[in-house]
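Novice: Can you read through this structure? Questions will come right after.
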Amino acid sequence: MSSASPINALSFDIEDWFHMVDIESLDDPSKWADFPSIVERETEWILETLAERDITATFFVLGWIAERYPDLVRAIHDAGHEIGSHSFWHRRVDTLSPEEFRKDVQDSLDAIRAAGVEHCPGFRAPTFSIVPGTEWAIDTLLDLGFEYDASLFPTPREHGGYPCSRDPHLSRIAPSGRTMPELPMSIMDIGPKSTAFSGGGFFRPFPRSIIRRGFDQCAAAGRPVVVYMHPRDFALGTPHVKMNPVRRFKCYFGIKGARKKFLWMLDNWDFTSCSEVLASIRR
(Lines of atoms letter the chains of each structure in order from A and count residues from 1; the text may use other names and numbers.)
(Lines give C-alpha, C1' and ligand atoms only; values in the text may rest on other atoms or scores of the structure.)
Protein backbone atom coordinates (compact mmCIF):
# COMPACT_ATOMS: atom_id res chain seq x y z
CA MET A 1 0.00 0.00 0.00
CA SER A 2 1.07 3.63 -0.49
CA SER A 3 3.11 5.30 2.25
CA ALA A 4 0.98 8.45 1.90
CA SER A 5 -1.61 8.95 4.62
CA PRO A 6 -4.84 7.40 3.32
CA ILE A 7 -8.30 8.83 3.84
CA ASN A 8 -10.10 7.08 6.69
CA ALA A 9 -13.47 5.32 6.93
CA LEU A 10 -16.09 6.85 9.21
CA SER A 11 -18.93 4.57 10.21
CA PHE A 12 -21.79 4.37 12.69
CA ASP A 13 -23.69 1.35 13.97
CA ILE A 14 -27.24 2.66 14.21
CA GLU A 15 -28.81 0.84 17.14
CA ASP A 16 -30.37 1.94 20.42
CA TRP A 17 -28.75 1.77 23.86
CA PHE A 18 -30.70 -1.38 24.74
CA HIS A 19 -29.29 -3.36 21.83
CA MET A 20 -26.18 -4.32 23.80
CA VAL A 21 -25.59 -8.08 23.51
CA ASP A 22 -25.32 -10.60 26.32
CA ILE A 23 -27.11 -8.42 28.89
CA GLU A 24 -29.86 -10.55 30.41
CA SER A 25 -32.25 -7.69 31.20
CA LEU A 26 -32.11 -6.51 27.55
CA ASP A 27 -32.28 -9.84 25.72
CA ASP A 28 -36.06 -9.96 25.18
CA PRO A 29 -37.00 -8.01 22.01
CA SER A 30 -40.64 -7.85 23.12
CA LYS A 31 -39.57 -5.37 25.82
CA TRP A 32 -37.53 -3.06 23.58
CA ALA A 33 -40.44 -0.81 22.60
CA ASP A 34 -41.03 -0.06 26.29
CA PHE A 35 -37.52 1.33 26.88
CA PRO A 36 -36.79 5.06 26.42
CA SER A 37 -35.03 5.63 23.09
CA ILE A 38 -32.01 7.79 22.29
CA VAL A 39 -31.37 6.73 18.69
CA GLU A 40 -33.25 9.49 16.86
CA ARG A 41 -31.88 12.48 18.76
CA GLU A 42 -28.29 11.24 18.81
CA THR A 43 -28.30 10.26 15.13
CA GLU A 44 -29.71 13.67 14.27
CA TRP A 45 -26.77 15.26 16.13
CA ILE A 46 -24.37 13.06 14.16
CA LEU A 47 -25.99 14.10 10.88
CA GLU A 48 -25.84 17.79 11.79
CA THR A 49 -22.18 17.46 12.77
CA LEU A 50 -21.22 15.75 9.52
CA ALA A 51 -23.18 18.26 7.46
CA GLU A 52 -21.29 21.15 9.10
CA ARG A 53 -18.02 19.56 8.00
CA ASP A 54 -19.19 18.19 4.63
CA ILE A 55 -18.20 14.62 5.60
CA THR A 56 -19.79 11.52 4.10
CA ALA A 57 -19.97 8.37 6.24
CA THR A 58 -21.43 4.86 6.32
CA PHE A 59 -24.35 4.07 8.63
CA PHE A 60 -24.80 0.36 9.38
CA VAL A 61 -28.46 0.32 10.34
CA LEU A 62 -30.16 -2.31 12.46
CA GLY A 63 -33.24 -3.71 10.71
CA TRP A 64 -35.27 -3.26 13.90
CA ILE A 65 -34.41 0.44 13.80
CA ALA A 66 -35.20 0.75 10.08
CA GLU A 67 -38.59 -0.85 10.62
CA ARG A 68 -39.44 1.35 13.60
CA TYR A 69 -37.89 4.61 12.39
CA PRO A 70 -38.03 4.62 8.57
CA ASP A 71 -37.91 8.44 8.48
CA LEU A 72 -34.54 8.32 10.24
CA VAL A 73 -33.15 5.94 7.62
CA ARG A 74 -34.42 8.22 4.84
CA ALA A 75 -32.87 11.25 6.55
CA ILE A 76 -29.48 9.51 6.63
CA HIS A 77 -29.79 8.51 2.98
CA ASP A 78 -31.10 11.90 1.86
CA ALA A 79 -28.10 13.56 3.52
CA GLY A 80 -25.89 11.65 1.07
CA HIS A 81 -24.57 8.96 3.38
CA GLU A 82 -24.12 5.27 2.64
CA ILE A 83 -26.53 2.80 4.26
CA GLY A 84 -25.32 -0.66 5.29
CA SER A 85 -26.89 -3.49 7.25
CA HIS A 86 -26.11 -4.25 10.89
CA SER A 87 -28.45 -7.30 10.95
CA PHE A 88 -32.07 -7.14 12.11
CA TRP A 89 -32.06 -8.31 15.75
CA HIS A 90 -28.45 -7.54 16.73
CA ARG A 91 -27.66 -11.15 17.53
CA ARG A 92 -24.10 -12.46 17.46
CA VAL A 93 -23.42 -14.44 14.28
CA ASP A 94 -21.69 -17.19 16.24
CA THR A 95 -24.92 -17.86 18.18
CA LEU A 96 -26.99 -18.37 15.00
CA SER A 97 -27.35 -21.23 12.53
CA PRO A 98 -26.68 -20.45 8.86
CA GLU A 99 -30.44 -20.50 8.23
CA GLU A 100 -31.15 -18.11 11.12
CA PHE A 101 -28.42 -15.75 9.98
CA ARG A 102 -29.71 -15.67 6.40
CA LYS A 103 -33.23 -14.83 7.56
CA ASP A 104 -31.98 -12.18 9.96
CA VAL A 105 -29.92 -10.41 7.30
CA GLN A 106 -32.64 -10.72 4.65
CA ASP A 107 -35.14 -9.21 7.10
CA SER A 108 -32.75 -6.31 7.69
CA LEU A 109 -32.48 -5.69 3.95
CA ASP A 110 -36.26 -5.82 3.59
CA ALA A 111 -36.68 -3.24 6.36
CA ILE A 112 -34.07 -0.91 4.87
CA ARG A 113 -35.67 -1.18 1.43
CA ALA A 114 -39.13 -0.60 2.90
CA ALA A 115 -37.71 2.64 4.33
CA GLY A 116 -36.87 3.71 0.78
CA VAL A 117 -33.20 2.76 0.44
CA GLU A 118 -32.48 0.28 -2.34
CA HIS A 119 -28.68 0.17 -2.36
CA CYS A 120 -27.17 -1.44 0.75
CA PRO A 121 -23.62 -2.46 -0.20
CA GLY A 122 -22.00 -3.26 3.15
CA PHE A 123 -22.56 -5.41 6.21
CA ARG A 124 -21.19 -5.26 9.74
CA ALA A 125 -21.94 -8.09 12.15
CA PRO A 126 -23.05 -7.20 15.67
CA THR A 127 -19.97 -7.07 17.95
CA PHE A 128 -17.78 -8.08 14.97
CA SER A 129 -19.00 -11.64 15.54
CA ILE A 130 -17.88 -13.32 12.33
CA VAL A 131 -15.30 -15.49 14.08
CA PRO A 132 -13.49 -18.75 13.23
CA GLY A 133 -16.15 -21.34 12.51
CA THR A 134 -18.66 -18.87 11.04
CA GLU A 135 -16.97 -18.29 7.67
CA TRP A 136 -20.20 -19.55 6.06
CA ALA A 137 -21.62 -16.10 6.85
CA ILE A 138 -19.48 -14.61 4.06
CA ASP A 139 -21.12 -16.92 1.54
CA THR A 140 -24.52 -15.81 2.82
CA LEU A 141 -23.59 -12.15 2.40
CA LEU A 142 -22.41 -12.81 -1.15
CA ASP A 143 -25.63 -14.69 -1.92
CA LEU A 144 -27.66 -11.70 -0.67
CA GLY A 145 -25.77 -9.26 -2.90
CA PHE A 146 -23.49 -7.47 -0.46
CA GLU A 147 -20.45 -5.80 -2.00
CA TYR A 148 -18.18 -5.75 1.07
CA ASP A 149 -17.98 -6.84 4.69
CA ALA A 150 -16.75 -4.86 7.73
CA SER A 151 -17.13 -7.56 10.41
CA LEU A 152 -13.64 -8.85 11.13
CA PHE A 153 -11.76 -7.79 14.26
CA PRO A 154 -8.12 -8.83 13.70
CA THR A 155 -7.13 -9.37 17.34
CA PRO A 156 -8.65 -11.38 20.21
CA ARG A 157 -11.49 -9.64 22.05
CA GLU A 158 -14.41 -10.31 24.36
CA HIS A 159 -16.56 -11.85 21.63
CA GLY A 160 -13.85 -13.58 19.64
CA GLY A 161 -11.88 -11.79 16.95
CA TYR A 162 -10.65 -13.15 13.63
CA PRO A 163 -7.00 -13.69 12.60
CA CYS A 164 -6.71 -11.71 9.36
CA SER A 165 -4.75 -8.94 7.71
CA ARG A 166 -5.15 -5.51 9.26
CA ASP A 167 -5.22 -3.99 5.78
CA PRO A 168 -8.38 -3.79 3.69
CA HIS A 169 -8.16 -6.94 1.62
CA LEU A 170 -9.96 -9.43 -0.57
CA SER A 171 -11.14 -12.03 1.91
CA ARG A 172 -10.83 -15.67 0.83
CA ILE A 173 -12.40 -17.28 3.90
CA ALA A 174 -15.79 -18.17 2.37
CA PRO A 175 -16.21 -21.98 2.19
CA SER A 176 -17.34 -21.67 -1.43
CA GLY A 177 -13.98 -20.19 -2.42
CA ARG A 178 -15.56 -16.90 -3.50
CA THR A 179 -13.94 -13.62 -2.44
CA MET A 180 -15.37 -10.64 -0.56
CA PRO A 181 -13.77 -7.20 -0.09
CA GLU A 182 -13.10 -6.85 3.63
CA LEU A 183 -12.63 -3.68 5.68
CA PRO A 184 -11.42 -4.96 9.07
CA MET A 185 -11.55 -3.00 12.31
CA SER A 186 -8.46 -0.88 12.98
CA ILE A 187 -5.89 -2.11 15.48
CA MET A 188 -2.87 -0.45 17.08
CA ASP A 189 0.09 -1.90 18.98
CA ILE A 190 0.93 -0.89 22.54
CA GLY A 191 4.06 -2.78 23.48
CA PRO A 192 3.42 -6.51 22.92
CA LYS A 193 -0.36 -6.01 22.97
CA SER A 194 -2.74 -5.01 20.19
CA THR A 195 -6.00 -3.20 20.71
CA ALA A 196 -8.69 -1.27 18.89
CA PHE A 197 -8.67 2.48 19.52
CA SER A 198 -11.03 4.14 17.06
CA GLY A 199 -14.50 3.09 18.12
CA GLY A 200 -17.04 2.88 20.91
CA GLY A 201 -15.77 1.34 24.13
CA PHE A 202 -12.16 1.97 23.05
CA PHE A 203 -12.49 5.50 21.68
CA ARG A 204 -14.38 6.90 24.68
CA PRO A 205 -11.99 5.87 27.48
CA PHE A 206 -8.69 6.28 25.61
CA PRO A 207 -6.95 9.66 25.90
CA ARG A 208 -6.40 11.67 22.75
CA SER A 209 -2.69 10.87 22.80
CA ILE A 210 -3.41 7.15 22.42
CA ILE A 211 -5.95 7.73 19.65
CA ARG A 212 -3.47 9.95 17.79
CA ARG A 213 -0.82 7.24 18.18
CA GLY A 214 -3.21 4.74 16.62
CA PHE A 215 -3.88 7.02 13.65
CA ASP A 216 -0.14 7.61 13.25
CA GLN A 217 0.62 3.87 13.28
CA CYS A 218 -1.98 3.19 10.63
CA ALA A 219 -0.83 6.12 8.47
CA ALA A 220 2.79 4.91 8.68
CA ALA A 221 1.62 1.55 7.33
CA GLY A 222 -0.41 3.23 4.57
CA ARG A 223 -3.55 1.80 6.17
CA PRO A 224 -6.84 3.71 6.59
CA VAL A 225 -8.34 3.91 10.05
CA VAL A 226 -11.86 2.50 10.38
CA VAL A 227 -13.86 4.47 12.95
CA TYR A 228 -17.05 2.99 14.35
CA MET A 229 -19.34 4.83 16.74
CA HIS A 230 -22.86 4.30 18.09
CA PRO A 231 -25.55 6.83 18.97
CA ARG A 232 -25.26 5.73 22.62
CA ASP A 233 -21.58 6.77 22.67
CA PHE A 234 -22.76 10.39 22.80
CA ALA A 235 -25.94 9.97 24.88
CA LEU A 236 -25.75 11.53 28.33
CA GLY A 237 -28.42 10.15 30.63
CA THR A 238 -28.52 6.71 29.01
CA PRO A 239 -30.22 4.29 31.44
CA HIS A 240 -27.89 1.97 33.35
CA VAL A 241 -28.64 -1.72 33.67
CA LYS A 242 -26.98 -4.50 35.66
CA MET A 243 -23.73 -5.81 34.13
CA ASN A 244 -20.25 -6.80 35.30
CA PRO A 245 -17.81 -3.97 36.18
CA VAL A 246 -15.63 -4.40 33.09
CA ARG A 247 -18.63 -4.30 30.76
CA ARG A 248 -20.06 -1.30 32.64
CA PHE A 249 -16.81 0.59 32.14
CA LYS A 250 -16.75 -0.13 28.39
CA CYS A 251 -20.42 0.80 27.95
CA TYR A 252 -20.56 4.02 29.96
CA PHE A 253 -17.13 5.48 30.69
CA GLY A 254 -16.23 8.59 28.70
CA ILE A 255 -19.68 9.46 27.37
CA LYS A 256 -19.46 12.93 28.95
CA GLY A 257 -16.47 13.93 26.83
CA ALA A 258 -17.27 11.89 23.72
CA ARG A 259 -18.74 14.69 21.63
CA LYS A 260 -15.76 16.98 22.07
CA LYS A 261 -13.31 14.15 21.40
CA PHE A 262 -15.28 13.14 18.30
CA LEU A 263 -15.20 16.71 16.96
CA TRP A 264 -11.45 16.83 17.64
CA MET A 265 -11.02 13.66 15.58
CA LEU A 266 -13.08 15.01 12.68
CA ASP A 267 -11.03 18.22 12.69
CA ASN A 268 -7.68 16.40 12.63
CA TRP A 269 -8.13 13.64 10.04
CA ASP A 270 -9.93 13.13 6.73
CA PHE A 271 -12.89 10.77 6.43
CA THR A 272 -15.30 9.30 3.94
CA SER A 273 -17.59 6.26 3.60
CA CYS A 274 -16.46 2.65 3.76
CA SER A 275 -17.22 2.10 0.06
CA GLU A 276 -15.19 5.13 -0.94
CA VAL A 277 -12.21 3.96 1.12
CA LEU A 278 -12.32 0.53 -0.52
CA ALA A 279 -12.71 2.11 -3.97
CA SER A 280 -9.71 4.40 -3.41
CA ILE A 281 -7.53 1.43 -2.49
CA ARG A 282 -8.54 -0.45 -5.64
CA ARG A 283 -7.78 2.48 -7.94
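In our numbering, the protein residues as written are 29 to 311.
By construction, the Cβ of each residue, glycine as well, lies at the ideal position given by its N, Cα and C atoms.
This one's a predicted model, so the numbers in the text were calculated from it and none came from an experiment.
#1: Count the other CB atoms within 10 Å of the CB of arginine 276; is the residue buried (16 or more) or exposed (fewer)?
#2: Is it true that the stretch 78-96 meets the stretch 34-51, where meeting means three or more beta-carbon pairs spaced less than 8 Å apart?
#3: Pull up the CB-CB distance for serine 226 and glycine 188, whole angstroms please, since I reckon it's below 8 Å.
#4: Might you give, ordered along the chain, the residues of its own chain that have their beta carbon closer than 6 Å to the beta carbon of phenylalanine 299, omitting 5 neighbours on each side?
#5: Verify whether the separation of the beta carbon atoms of glutamate 70 and alanine 263 is less than 8 Å.
#6: Mind the definition here: the stretch 115-132 touches the stretch 74-81 only if three or more C-beta pairs lie below 8 Å; say whether that holds.
#7: Near serine 113, what residues of its chain come up, given a Cβ to Cβ distance below 8 Å and the 5 sequence neighbours on each side ignored?
#8: Which one of Ile74, Ile66, Lys59, Trp60 has the shortest CA to CA distance from leucine 291?
#9: Taking the C-alpha atoms as reference points, what is the distance between arginine 200 and serine 237?
#10: If the criterion is Cβ atoms closer than 8 Å, does the pair lysine 270 and serine 58 meet it?
#11: Please give the ranges of any alpha helix (DSSP H) in the stretch 123-190, keeping only runs that are unbroken, at least 4 residues long and fully inside the region.
#12: Hey, which unbroken runs of the alpha helix (DSSP H) at 4 residues or more fall wholly within the stretch 52-92?
#13: Can you tell me whether glutamate 110 is buried or exposed, with buried defined as 16 or more other CB within 10 angstroms of its CB?
#14: For the alpha helix (DSSP H) that contains leucine 211, what are its first and last residues?
#15: Would you mind giving the Cβ-Cβ distance between aspartate 177 and glycine 228, rounded to the nearest angstrom? I have them listed as a contact below 8 Å.
#16: What residue does the beta strand (DSSP E) around histidine 197 start on, and which one ends it?
#17: Tell me, please, which residues DSSP counts as bridged to serine 113.
#18: In chain order, what residues of the same chain have a beta carbon less than 6 Å from the beta carbon of methionine 216, not counting five sequence neighbours either side?
#19: Within a Cβ cutoff of 7 Å, which residues of the same chain sit near phenylalanine 234, ignoring the five residues on either side of it in sequence?
#20: Note down the Cα distance separating leucine 180 from alanine 142, rounded to an integer number of angstroms.
#21: Using the beta-carbon count (16 or more within 10 Å), is arginine 194 buried or exposed?
#22: Mind listing, in chain order, the continuous alpha helix (DSSP H) runs of no fewer than 4 residues lying wholly within the stretch 245-301?
#23: Is DSSP giving isoleucine 309 helix, strand or coil here?
Specialist: For this structure:
#1: Here the question's residue 276 lines up with position 248 in the sequence shown. Exposed, since its Cβ has fewer than 16 Cβ neighbours within 10 Å.
#2: yes
#3: In the sequence shown, residue 226 corresponds to position 198, counting from 1. In the sequence shown, residue 188 corresponds to position 160, counting from 1. Their Cβ separation, rounded to whole angstroms, is 19 Å, which puts serine 226 and glycine 188 out of contact at 8 Å.
#4: In the sequence shown, counting from the first residue as 1, residue 299 sits at position 271. Taken in chain order, the residues that qualify are Asn36, Leu38, Ile83.
#5: Taking the first residue of the sequence shown as position 1, residue 70 is located at position 42. Taking the first residue of the sequence shown as position 1, residue 263 is located at position 235. For glutamate 70 and alanine 263, yes; Cβs fall inside 8 Å.
#6: no
#7: The count along the sequence shown starts at 1 and reaches residue 113 at position 85. If we look at serine 113 and ignore the five residues flanking it on each side, its Cβ neighbours are Phe88, Val89, Gly91, Val133, Ser136, Leu137, Ile140, Cys148, Gly150, Phe151, Arg152, Phe174.
#8: As a working mapping, residue 291 is identified with position 263 in the sequence shown. Minimum Cα distance to leucine 291 is reached at Ile74.
#9: Sequence index remark: in the sequence shown, residue 200 carries index 172 (1-based). Sequence index remark: in the sequence shown, residue 237 carries index 209 (1-based). Answer to the nearest angstrom: the Cα atoms are 35 Å apart.
#10: Residue 270 sits at position 242 when you count from the first residue of the sequence shown. Residue 58 sits at position 30 when you count from the first residue of the sequence shown. Cβ distance not < 8 Å, so lysine 270 and serine 58 don't count as in contact.
#11: 126-142, 164-171
#12: 67-81
#13: Taking the first residue of the sequence shown as 1, we reach residue 110 at position 82. Per the 10 Å Cβ criterion, buried.
#14: Position 183 of the sequence shown holds residue 211. It is not in any alpha helix (DSSP H) - leucine 211 carries neither H nor E in the DSSP assignment.
#15: Stepping through the sequence shown from its first residue, residue 177 is reached at position 149. Stepping through the sequence shown from its first residue, residue 228 is reached at position 200. With a Cβ gap of about 19 Å, aspartate 177 and glycine 228 do not count as contacting.
#16: Walking along the sequence shown from the start, residue 197 turns up at place 169. Looking at the DSSP string, the run of the beta strand (DSSP E) that includes histidine 197 is 197-199.
#17: Numbered from 1 along the sequence shown, position 85 holds the residue referred to as residue 113. Looking at the DSSP assignment, serine 113 forms a beta bridge with Val89, Phe151.
#18: Here the question's residue 216 lines up with position 188 in the sequence shown. If we look at methionine 216 and ignore the five residues flanking it on each side, its Cβ neighbours are Phe225, Gly242, Gln245.
#19: Start at 1 with the first residue of the sequence shown, and residue 234 comes out as number 206. Contacts found: Phe225.
#20: Counted from its first residue, the sequence shown places residue 180 at position 152. Counted from its first residue, the sequence shown places residue 142 at position 114. Cα to Cα, leucine 180 sits roughly 28 Å from alanine 142.
#21: Position 166 of the sequence shown, counting from 1, holds the residue named residue 194. Buried.
#22: 273-280, 283-296
#23: Position 281 of the sequence shown, counting from 1, holds the residue named residue 309. Here isoleucine 309 sits in helix by DSSP.
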